[in-house]
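Residue numbers (our numbering): 1241 to 1398.
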């Protein structure tokens, strides 16, 4: 199996999940979109669920790179607000995130809800890293609450 085939499958899976959501996307659809068979997809992943988890993991890794780049630029504390706007606008796939938010809250798809929770937990951890970088002095629980509040405020609709 070629690297191009795997990339095509993941590209089409991202597109299908973004367009139809988790619940209404099938491996058959992804295979058709990729010009391959379902058995080829199983060469790379064990299930639709594992494929979805890997795509969300790519989003998490992308977000971690954004924070790493920000912190490595020796930022000033006043730059946090600008970075958070940049961060919110530069998701790897904001359409997918919007779709899983909608699906988890409106339809109640367990898989979408679990992956959304994983994304949100990672965002809270990344914000905590930013606060720790600037030596914000709070006890462990207060720092976690502050990180949570900042992320939630920046996630409010504009």
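Think of the CB as a built atom: it goes at the ideal place given N, C-alpha and C, for glycine as much as any other residue.
Source: prediction; values computed, not measured.
By the CB criterion at 7 Å, residue 1373 and residue 1388 fall outside the cutoff.
In the three-state reduction of the DSSP assignment, residue 1332 falls in the coil class, being assigned neither a helical nor a strand state. Out of 1378, 1296, 1367 and 1339, the CA that lies nearest to the CA of residue 1392 is found in 1367. At a cut-off of 4 residues, the continuous stretches assigned as alpha helix (DSSP H) that sit fully inside the stretch 1265-1308 are 1267-1274 and 1278-1284. Take the alpha-carbon of residue 1258 and the one of residue 1276: they are about 20 Å apart. In the displayed model, residue 1327 falls within a helix according to three-state DSSP. Contact between residue 1300 and residue 1362 is confirmed by a C-beta separation of about 5 Å, below the 8 Å threshold. Minimum Cα-Cα distance from residue 1310 among the listed residues 1326, 1298 and 1297 corresponds to 1326. If you ignore the 5 residues before and after residue 1265, its C-beta comes within less than 6 Å of the C-beta of 1256 and 1257, all in its own chain and listed in chain order. Taking residue 1244 as reference, the option from 1317, 1261 and 1274 with the minimal CA-CA separation is 1274.
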